[in-house]
Amino acid sequence: MPAACTGTPPPGARCDTLWVPLDYADPSLGTIPTSVVVVPATDPAERIGSLLVNPGGPGESGVQFVDQAYSLFATLNQHFDIVGFDPRGTSGPDAVTCEGTDGLDHDVGLDPLVAGSATAEADLVASTLAFDASCRLHSGWLLPYVGTVNAARDMDALRAALGDSQLTYLGFSYGTALGATYARLFPTHVRAMVLDGDIDPALSFMEQSIQQGASFEASYDEFVSQCQAETACPLGPDPGATITALLARLSTGPVETAGGRTVGRGTVVGGLVAAMYDPGSWGSFYTALAEAAQGQVAPLQSLVDSYTGRGPLGYDHSTPANVAINCADHSVTDNLAGYDAMALSVQADEPHFGQDEVYGVLTCAYWPDHGTAPAALHVTGVAPILLVGATHDPATPYAWSVALQQQIAGSVLLTRDGYGHTSYGFSVCVRTAVNAYLVDRDVPAAGTTCAS
Numbered sequence: 059m060p061a062a063c064t065g066t067p068p069p070g071a072r073c074d075t076l077w078v079p080l081d082y083a084d085p086s087l088g089t090i091p092t093s094v095v096v097v098p099a100t101d102p103a104e105r106i107g108s109l110l111v112n113p114g115g116p117g118e119s120g121v122q123f124v125d126q127a128y129s130l131f132a133t134l135n136q137h138f139d140i141v142g143f144d145p146r147g148t149s150g151p152d153a154v155t156c157e158g159t160d161g162l163d164h165d166v167g168l169d170p171l172v173a174g175s176a177t178a179e180a181d182l183v184a185s186t187l188a189f190d191a192s193c194r195l196h197s198g199w200l201l202p203y204v205g206t207v208n209a210a211r212d213m214d215a216l217r218a219a220l221g222d223s224q225l226t227y228l229g230f231s232y233g234t235a236l237g238a239t240y241a242r243l244f245p246t247h248v249r250a251m252v253l254d255g256d257i258d259p260a261l262s263f264m265e266q267s268i269q270q271g272a273s274f275e276a277s278y279d280e281f282v283s284q285c286q287a288e289t290a291c292p293l294g295p296d297p298g299a300t301i302t303a304l305l306a307r308l309s310t311g312p313v314e315t316a317g318g319r320t321v322g323r324g325t326v327v328g329g330l331v332a333a334m335y336d337p338g339s340w341g342s343f344y345t346a347l348a349e350a351a352q353g354q355v356a357p358l359q360s361l362v363d364s365y366t367g368r369g370p371l372g373y374d375h376s377t378p379a380n381v382a383i384n385c386a387d388h389s390v391t392d393n394l395a396g397y398d399a400m401a402l403s404v405q406a407d408e409p410h411f412g413q414d415e416v417y418g419v420l421t422c423a424y425w426p427d428h429g430t431a432p433a434a435l436h437v438t439g440v441a442p443i444l445l446v447g448a449t450h451d452p453a454t455p456y457a458w459s460v461a462l463q464q465q466i467a468g469s470v471l472l473t474r475d476g477y478g479h480t481s482y483g484f485s486v487c488v489r490t491a492v493n494a495y496l497v498d499r500d501v502p503a504a505g506t507t508c509a510s
């Protein structure tokens with residue numbers, strides 16, 4: 059019997075649990091549950107099948123995504139059952155679990171400018187070791203099995219359970235890695251697939267992080283410029299200088315909130331990262347940063363909490379699951395001197411985000427399990443796949459979409475000219491093209507570009 063849905067599912071939604079092998083290579087190890095939500099097609103006469111959607115992360119809940127963003131898929135829901143699923147390790151009793159709230163508060167607020175500071179580096183290493191040890195303690199049995207290959211196999215099990223002979227899929231950000239991996243493993247099982255905000259699997263985790271830092275930096279420049287162009291920018295006539303001064307002040311004198319939490323430079327950088335994902339949020343961040351510059355840090359802290367999945371009762375599982383999946387997928391070095399050298403080398407070009415990106419990789423250095431070396435996918439024998447890339451995407455640079463197109467034979471790249479992460483939610487032009495492709499499998503003409 060289907061389970062009762064929790065949260066705020068769309069009308070008519072039904073929820074269930076799919077049990078999948080913990081280890082596809084050794085089914086004797088048992089099974090683990092995957093939460094699923096299905097919103098039946100609103101026009102049964104026009105129903106094509108199921109549309110699986112994934113919001114990315116990695117570590118984000120697909121069930122919550124459908125609950126919260128259903129309106130985005132309302133048009134597609136006429137033709138498809140909209141299906142959200144939680145990749146293994148992201149929810150329920152078998153979610154990856156690591157530190158408690160206090161430990162994660164400390165980790166999230168770490169000062170990203172580490173290189174050259176023995177104190178900051180010692181804090182970073184100690185915190186990273188403590189986080190990894192807690193993950194091993196609470197979820198060590200699960201960590202070897204949360205990688206993208208297993209999640210893609212779970213998707214095929216879900217496709218079969220839904221009764222679809224082929225998969226129709228819409229994946230965002232990390233969801234593009236999941237979809238591309240599925241296409242490599244099951245090329246003949248793909249009916250139609252959209253990968254929006256693409257990841258290049260040929261890059262190492264460090265290469266991805268450094269290139270992402272450069273894209274965040276470019277978006278930050280636009281973030282500052284747009285505020286400066288306003289007649290009444292909350293950050294004053296020189297918003298860049300206001301933010302720089304705020305970062306410097308909080309690096310030496312963190313502020314304690316009424317709730318006893320500490321807001322330092324790391325929190326501000328976290329806020330800047332969160333802001334870059336959606337230009338529509340920039341006004342809120344301008345105001346929150348301006349208030350922080352006046353000593354009122356609670357609004358900025360609230361925005362960062364929303365980004366990191368922290369609520370009144372603590373963090374959700376997205377942060378531990380994000381780390382676990384990334385570490386399962388990537389192989390990284392544990393040479394600390396190499397991280398220091400890399401952090402210093404990117405500091406000039408990526409002053410706000412470079413070191414944060416470089417040292418973020420360090421978590422996987424002490425992880426109990428390591429992934430494989432990066433490699434291009436070389437997907438062949440698959441129906442035409444539609445890739446979508448934005449020219450100024452902060453988290454998945456446009457160059458990654460170009461690179462992925464070269465790795466998937468017959469794929470087509472649809473370009474959005476604009477800022478913000480992924481494109482389907484930002485552009486009517488993109489939504490129209492994607493919807494037409496998913497319904498009728500009409501691929502846009504090569505070189506098609508949409509405005510935001």
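If you're matching positions, the sequence shown starts at 59 in this note's numbering and goes up one per residue. Even for Gly, the Cβ is constructed at its ideal location relative to N, Cα and C.
| query | Mind checking if VAL501 is an interface residue toward chain B, Cβ cutoff 8 angstroms exclusive? | reply | The structure shown contains no chain B; it is built from a single protein chain.
| Unbroken alpha helix (DSSP H) runs of length 4 or more, entirely within the stretch 255-310: which are they? | 263-287, 297-310
| Just the Cα atoms here: how many angstroms apart are ASP254 and ASP279? | 24 angstroms
| Distance between LEU402 and GLY396 (C-alpha atoms, nearest Å) | 10 angstroms
| said: On the criterion of 16 or more Cβ atoms from any shown chain inside 10 Å, does PRO295 qualify as buried, or is it exposed? | reply: exposed
| query | For THR92 versus LEU76, is the C-beta spacing smaller than 8 angstroms? | reply | yes
| field | Supposed contact pair ILE257 and GLN232 - C-beta distance, whole angstroms, cut 8 angstroms | value | In the sequence as displayed, the identity of residue 232 is Tyr instead of Gln. That pair is a contact at about 7 angstroms.
| field | Where the beta strand (DSSP E) through THR75 begins and ends | value | 72-79
| message | Let me confirm a value: HIS436 is counted as buried when at least 16 other C-beta atoms fall within 10 Å, else exposed. Which label applies? | response | exposed
| query | Based on the DSSP secondary-structure assignment, which residues constitute the bridge partners of HIS450? | reply | TYR477
| Roughly how many whole angstroms lie between the Cα atoms of GLY505 and LEU472? | 7 angstroms
| Can you give the Cα-Cα distance for VAL141 and ALA423, rounded to whole angstroms? | 35 angstroms
| Three-state secondary structure (DSSP) of ASP139 | strand
| message | How far does the beta strand (DSSP E) with ASN393 in it extend, from its first residue to its last? | response | Taken as a continuous stretch (DSSP letters only), ASN393 belongs to no beta strand (DSSP E), as it is neither H nor E.
| query | According to DSSP, what are the bridge partners of THR89? | reply | PRO79
| request: Tell me, please, which residues DSSP counts as bridged to CYS508. | output: ARG474
| request: Grab me the residues of ASP125's own chain with a C-beta within less than 6 angstroms of its C-beta, minus the 5 sequence neighbours each way, in chain order. | output: GLY65, THR66, PRO67
| field | Cβ-heavy atom distance, ASN393 to the ligand GDP, below 7 angstroms | value | Ligands displayed in this structure: none; no statement on the ligand GDP is therefore possible.
| Would you report the Cα separation of THR310 and LEU182, rounded to the nearest angstrom? | 17 angstroms
| request: Pull up the DSSP beta-bridge partners for MET251, would you. | output: TYR227
| What residue ranges within the stretch 113-171 form continuous alpha helix (DSSP H) runs of no fewer than 4 residues, ordered along the chain? | 120-127, 159-166
| task | Could you tell me which of VAL94, LEU261, GLY328, ASN384 sits nearest to TRP425, measuring between CA atoms? | result | ASN384
| said: I need the boundaries of the alpha helix (DSSP H) containing ASP181, first residue and last residue. | reply: 176-197
| field | Cα-Cα separation between ALA215 and TRP458, rounded to whole angstroms | value | 29 angstroms
| message | Tell me which residue opens and which closes the alpha helix (DSSP H) that GLN464 is part of. | response | 456-465
| Going by other Cβ atoms of all chains shown within 10 Å of its Cβ, with 16 needed for buried, is LEU361 buried or exposed? | buried
| Beta-carbon proximity check, TYR477 vs PRO337, cutoff 8 angstroms | yes
| Alpha-carbon spacing of ALA176 relative to ASP451, whole angstroms | 34 angstroms
| For MET59, is the classification buried or exposed, using 16 other Cβ atoms within 10 angstroms of its Cβ as the cut-off for buried? | Bear in mind that the predicted position of MET59 carries a pLDDT of just 38, short of 50, making it too unreliable to give a figure here.
| message | Given this structure, state the Cα-to-Cα distance separating THR133 from ALA399, to the nearest angstrom. | response | 50 angstroms
| task | Under 7 angstroms Cβ to Cβ from ASP163, same chain only, skipping five residues before and after it: list those, please. | result | ARG319
| Rounded to a whole number of angstroms, what is the C-alpha to C-alpha distance between PRO292 and PHE263? | 37 angstroms
| DSSP state of VAL355, grouped into three classes? | coil
| query | Do TYR495 and VAL501 come within 8 angstroms of each other at the CB atom, strictly closer than that value? | reply | yes
| query | Roughly how many angstroms lie between the CA atoms of THR421 and CYS193, to the nearest whole one? | reply | 11 angstroms
| said: Is it buried or exposed, ASN393, if we count other Cβ atoms within 10 angstroms and call 16 or more buried? | reply: exposed
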